[in-house]
Amino acid sequence: MAALKYSKQRASIKEYLLHTTAHPTADTVYLHIKEEFPNISLGTVYRNLNLLADIGEALRIPTPAGGDRFDGRCEPHYHVVCTNCGKVFDLEMDDSYIQKINEDANACFDGIIESHTTLFHGLCAECIKKKNENK
39 MAALKYSKQR ASIKEYLLHT TAHPTADTVY LHIKEEFPNI SLGTVYRNLN LLADIGEALR
99 IPTPAGGDRF DGRCEPHYHV VCTNCGKVFD LEMDDSYIQK INEDANACFD GIIESHTTLF
159 HGLCAECIKK KNENK
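Under my numbering, think of the first position of the sequence shown as 39, with each following residue one higher.
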């Protein structure tokens with residue numbers, strides 16, 4: 039792959055992703071980046087997010103409700119999506135679990151497993167609290 043030309047917008051998008059745990063949509067990133075770059079288009083944000091994901095500098099998290107979420111934390115880890123509010127959270131698990139799943143999958147596959155993604159579904163603490171208050 040040819041070296042990428044430096045882009046202030048892409049650097050700003052990457053920086054934003056690195057400093058948020060919200061797993062934002064492209065629209066959310068656009069609203070944030072527009073403060074710094076008022077003339078940036080939503081299309082430019084989408085292209086840069088997808089490029090960052092393609093080159094391994096961001097994670098693209100497809101969600102069941104549609105609309106990818108993005109994460110600047112690229113080391114292997116899992117996510118949970120709240121089935122009520124749709125927020126995406128990091129799930130902190132020991133790395134040995136991730137490695138064990140790769141090894142088990144490798145044993146069942148005629149090839150080489152390099153990585154995997156898993157998206158858990160459940161209720162977040164905030165939604166559980168709201169449901170309990172409404173009972």
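Virtual Cβ for every residue (Gly too), placed ideally from N, Cα, C.
Among all the DSSP beta bridges, which residues are the ones paired with residue i?
i	result
C162	Per DSSP, none; premise fails for C162.
I99	R107
C146	In DSSP, C146 forms no bridge with anything.
Does DSSP classify residue i as helix, strand or coil?
i	result
T63	strand
H70	helix
L55	helix
Y116	strand
D92	helix
D133	helix
Under a Cβ-count criterion, where at least 16 other Cβ atoms within 10 Å of its own Cβ denotes burial, should residue i be classed as buried or exposed?
i	result
T63	buried
N86	buried
Y135	exposed
A96	buried
I51	buried
L90	buried
Would a check of beta-carbon distances place residue i closer than 8 Å to chain D?
i	result
G94	Given the protein chain composition of this structure (a single chain), no chain D is represented.
Among the options, which has the Cα closest to the Cα of residue i?
i	options	result
V126	T101, I51, V83, F147	T101
E130	N140, A143, E113, G94	E113
Worksheet item: Just checking, does the segment 52 to 61 make contact with the segment 109 to 121 on the three C-beta pairs under 8 Å criterion?
Response: Yes, since at least three Cβ pairs between the segment 52 to 61 and the segment 109 to 121 fall closer than 8 Å, the two stretches touch.
Worksheet item: Do the segment 68 to 75 and the segment 41 to 50 touch if we need at least three Cβ pairs shorter than 8 Å?
Response: Counting Cβ pairs under 8 Å, three or more are found: they touch.
Worksheet entry | Cβ contact check for the segment 114 to 124 and the segment 152 to 159: 3 or more pairs under 8 Å | Yes, they touch.
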